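Structure first, commentary second.
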Amino acid sequence: MSLPKVIGVFAALAAFAIDQITKAIVVANAATFSAGISVFPGFNLVFSRNDGVTFGMLGGAPWWSLTALALAICVWLAVMLFRVENAAETLAYGAIIGGALGNVIDRVRYRAVTDFLDFYIGTTHWPAFNMADVFVVSGVGLLLAAPWISARRPIKS
30 MSLPKVIGVF AALAAFAIDQ ITKAIVVANA ATFSAGISVF PGFNLVFSRN
80 DGVTFGMLGG APWWSLTALA LAICVWLAVM LFRVENAAET LAYGAIIGGA
130 LGNVIDRVRY RAVTDFLDFY IGTTHWPAFN MADVFVVSGV GLLLAAPWIS
180 ARRPIKS
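At position 23 of the sequence shown (counting the first as 1) the number is 52 in my numbering, and the numbers step up by one without a gap.
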């Protein structure tokens, strides 16, 4: 396996592990996190469950349908990961896959996703999210930036 593919697989495993470890800590301390823990102004740790997708969209949809969709997307992303040779792209695909699989595990176990990161300004709160969401969004951002990152490599003469 080439180095870029190893990077992608490692990224998927790391994203999945970080997501699952952080969620396990939150679930084990759900009573404490349910009330919310102020970390600093503008950021709390909270325990909540979201049966929808981003921002609660599709809330109430059957858990298995969202799980099946996420797994199908992960299969497609894995195919893409093994087709590209660009390290930035494989890292991006790996982060997305690892994050998505972290949320799939939650859907299978709890029929909803565990969220715990709560950012706010004044009384306006961003919808709570988790590390899987961070990896998915970061992976998409990196995937969008990958062509520019690749173009910045020095030309060998």
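By construction, the Cβ of each residue, glycine as well, lies at the ideal position given by its N, Cα and C atoms.
Nothing here was measured: the structure is a model prediction, and the numbers come from that model.
**Message:** Quick check on DSSP: helix, strand or coil for N132?
**Reply:** If you number the sequence shown from 1, residue 132 lands on position 103. In the structure shown, the three-state DSSP call for N132 is helix.
How big is the Cα-Cα spacing for A60 and F45?
-> The sequence position of residue 60 within the sequence shown is 31, counting from 1. The sequence position of residue 45 within the sequence shown is 16, counting from 1. The alpha-carbon of A60 is positioned some 24 Å away from that of F45.
*V113: first and last residue of the uninterrupted alpha helix (DSSP H) it sits in*: Numbered from its first residue, the sequence shown carries residue 113 at position 84. For V113, there is no enclosing alpha helix (DSSP H), as DSSP marks it with neither H nor E.
| task | Excluding the 5 residues preceding and the 5 following L172 in the sequence, name in chain order all residues of the same chain whose CB lies nearer than 6 Å to its CB. | result | In the sequence shown, the residue the question calls residue 172 occupies position 143. Apart from sequence neighbours up to five positions away, the residues of its chain that approach L172 with a beta-carbon distance below 6 Å are A121, ordered along the chain.
Q: For L42, I'd like the list of residues in its chain whose CB is within less than 7 Å of its CB, leaving aside the five on either flank, ordered along the chain.
A: Within the sequence shown, the letter at position 13 stands for residue 42. Within the same chain, L42 has close Cβ partners G127.
Checklist entry - Do you know how far the Cα of S31 is from the Cα of M109? => result Locating residue 109 in the sequence shown gives position 80, where the first residue counts as 1. Locating residue 31 in the sequence shown gives position 2, where the first residue counts as 1. In a straight line, the C-alpha of M109 is about 14 Å away from that of S31.
By the DSSP assignment, the alpha helix (DSSP H) with T51 in it spans what residues? Residue 51 sits at position 22 when you count from the first residue of the sequence shown. Start and end: 32–57.
Problem - Terminal residues of the alpha helix (DSSP H) in which V82 lies - result: Mapped onto the sequence shown, residue 82 falls at position 53. Unbroken run through V82: none, as it is neither H nor E.
Q) If you compare alpha carbons, which of A116, D144, M160, P91 is closest to G65? A) As a position in the sequence shown, residue 65 is number 36, starting the count at 1. It is D144.
Exercise for the section: Look up L74 in the DSSP assignment and say whether it is helix, strand or coil. Expected result: Residue numbering aside, residue 74 sits at position 45 when the sequence shown is read from its first letter. Assignment of L74 by DSSP, reduced to helix, strand and coil, places it in the strand class.
If we ignore side chains and look at the alpha-carbon of each, how far apart do W92 and R140 end up?
-> On the sequence shown, position 63 is the one that residue 92 refers to. On the sequence shown, position 111 is the one that residue 140 refers to. Here the C-alpha atom of W92 lies approximately 6 Å from the C-alpha atom of R140.
Answer with buried or exposed for S67, where buried requires no fewer than 16 other C-beta atoms within 10 angstroms of its C-beta. What you label residue 67 is simply residue 38 of the sequence shown in a count that begins at 1. Around the Cβ of S67, a 10 Å sphere holds fewer than 16 other Cβ atoms; the residue is exposed.
Notebook entry, point to check: What's the gap between the Cα of W155 and the Cα of A107?
Noted result: Here residue 155 refers to the residue found at position 126 of the sequence shown. Here residue 107 refers to the residue found at position 78 of the sequence shown. Taking the straight line joining both Cα atoms gives about 30 Å.
Contact defined as beta carbons within less than 8 Å: I believe V133 pairs with N79. What is the distance between those atoms, to the nearest angstrom? For the purposes of this step, residue 133 is taken as residue 104 along the sequence shown, with counting starting at 1. For the purposes of this step, residue 79 is taken as residue 50 along the sequence shown, with counting starting at 1. Not really, about 14 Å apart at Cβ, beyond 8 Å.
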